[in-house]
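Data first, discussion second: the structure below is written as structure tokens.
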Amino acid sequence: MSAPGLLTDFYELTMAAIYLERGLVAPATFELSVRSLPPNRGFLVACGLEQALDYLEDMAFDEDAIGWLASTGRFDDSFLRYLRRFRFSGDVRAVPEGETVFAREPILEVSAPLPEAQLVESMLLNLVAFQTNVATKAARIALACAGRPFADFSLRRAHGADAAVLAARAAFVGGAASTSDCEAARRWGIEPSGTMAHSFVMAFGDENRAFREYAGAAGDRAVLLVDTFDTARGVREAVRTARERLREGGRVLGIRIDSGDLARTACEARRVLDAEGLAELRILLSGDLDEYRIEELVSQGAPADGFGVGTQLGTGGDVPALQAVYKLVEDAGGPRLKLSLGKRTLPGRKQVLRREAGGILLEDILALYDEPAGEGRPLLAPAMLGGRRVSSGESLGVIRERCRMALERLPAEARALRDPRSPRVRLSKALAELDARLAAAAEAASAHSGDPPP
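In our numbering, the protein residues as written are 774 to 1227.
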């Protein structure tokens, strides 16, 4: 199935049409990066490459799209003919999914004829920035959980169905153990999870009957929601149900608490369960949780065996969007840079060289792409050549494990949830010299013409 060509911003089409009209079709290189890390972010987790490659391979303009574009009166027949035949033919280098990255580092690089590279900008930003944001949030939640599992419960609060499915994927990469989203579980092979709703208890009128019905249907996977009416009473009814299941040769997996003072209530519930000889019953906590709240619960000694995280995970919570950009860095005229205040870019195709010692990340070096890699491990690798993938892709399990290992290699100050400090990212000597030379030339040209620098 083709990816809709109209999933792009209108100005991408108008620029591409002008490029073609003026014969600007030589290869150009754009890089996708994040200008600066959001508050309280010491790292990002690269994610979304697989969907970006799907998009590039499948992007096409069908007759409905061509008809609509013709109806706007903005494009001539030659450009519409170009779009009818459009297939992405360029190359892509990218940081592997699950790897950590920092501000100004290219996550993905596209080299293609200028009109092609321009047309794909908007969707590449959409696919990579969103999943990178959610994977980063999930990684921070995993750090806060301190080894306890957490589930993605974000479907009902995600910004649309497609976003929910991709959020579940990114959350799994970042460390989520399971998802409540059935379509995401099916598509990505993630463990499905779920408990029960307060409405289920209310529909039966009392917890005893609701718990018995649910436990009978869910078998040994039943997790009982105990705070619909009175949590202490709900815990007692859960004990009663668990004992009945044991007599029948089954079991109850655990209980979920979704409201109130979670740390205190979980401690009280744990005492009751242990006193009743049900130490194996797990306690799952949920209720508008994020990494900060989970960190507090863990530090307070809340006896939680796992967490359910919804809204704050699938929407990015405190960081709803990344400052992701897709900028021209090189074309037929050579390396390019932008000097706009607060939006400056670095010229030329690049490589990220990662220096580590003793299993800990020391620094990253932004270098020109053809510099020797002796100073560190190169992160950007070919992902697509001539519009086709260079490999069949990686399993989510492999990507998730890469993320886990990358987090372990981060220094402690970069993993901090509040006021983190990222490792240093410095320019290689060659890149610094190129940047200074081009900036000086641009400023000199602007001074001569009387215009501000580009």
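Where is the CB? At the ideal position from N, CA and C, for every residue including glycine.
> beta strand (DSSP E) containing Gln-1124: first to last residue?
Replying inline: 1123 to 1130
>> DSSP has Ser-806 in a bridge; who is on the other side?
In response: Val-1098
>> Between Val-1082 and Phe-923, how many whole angstroms is the CB-CB distance? I'm expecting something under 8 Å.
In response: 5 Å
> Does DSSP put Ala-1203 in a helix, in a strand, or in coil?
Replying inline: helix
> What separation, rounded to the nearest whole angstrom, lies between the Cα atoms of Glu-964 and Leu-916?
Replying inline: 20 Å
> Would Leu-898 pass as a contact of Ala-1097 if the rule is Cβ separation under 8 Å?
Replying inline: yes
>> Need the endpoints of the beta strand (DSSP E) that Val-996 sits in, please.
In response: 996 to 998
>> Using 8 Å for Cβ pairs, my map puts Ser-953 next to Asp-935. What's the rounded Cβ distance?
In response: Contact doesn't hold; Cβ gap of about 17 Å is too wide.
> What does a CB cutoff of less than 6 Å around Met-774 pick up in its chain, not counting 5 residues either side in sequence?
Replying inline: Because the pLDDT of Met-774 is 43, which lies under 50, any placement of that residue in the model is unreliable, and the number read from its coordinates should be weighed accordingly. Cβ neighbours of Met-774 beyond the five flanking positions: none.
>> Just verifying my parser: in three-state terms, what is the DSSP assignment at Leu-1141?
In response: strand
>> Comparing C-alpha positions only, which one of Pro-1076, Tyr-792, Leu-1152 sits nearest to Arg-921?
In response: Pro-1076
> Any idea if Val-807 is buried or exposed, counting beta-carbon neighbours within 10 angstroms, 16 or more meaning buried?
Replying inline: buried
> Can you find at least 3 beta carbon pairs, one from the segment 1157 to 1174 and one from the segment 854 to 874, that sit closer than 8 Å?
Replying inline: yes
> Count the other CB atoms within 10 Å of the CB of Gln-891; is the residue buried (16 or more) or exposed (fewer)?
Replying inline: buried
>> Output needed for Gly-815: all residues of its chain with C-beta closer than 8 Å, excluding positions within five of it in sequence on either side, in chain order.
In response: Leu-1183, Glu-1186, Ala-1187, Arg-1188, Ala-1189, Pro-1193, Arg-1194, Ser-1195
> Which word fits Gly-1090, buried or exposed, when buried means at least 16 other C-beta atoms lie within 10 angstroms of its C-beta?
Replying inline: buried
> Where does Gly-992 land, buried or exposed, given buried means 16+ other C-beta within 10 angstroms?
Replying inline: exposed
>> Assuming contact is defined by CB atoms lying nearer than 8 Å, are Ser-1032 and Gly-1060 in contact in what I supplied?
In response: yes
>> Rounded to the nearest angstrom, what separates Leu-939 and Leu-1141 at their Cα positions?
In response: 33 Å
> Is it true that the CB of Met-975 sits closer than 8 Å to the CB of Thr-1001?
Replying inline: yes
>> Which residue marks the beginning of the alpha helix (DSSP H) containing Met-896, and which one marks its end?
In response: 894 to 918
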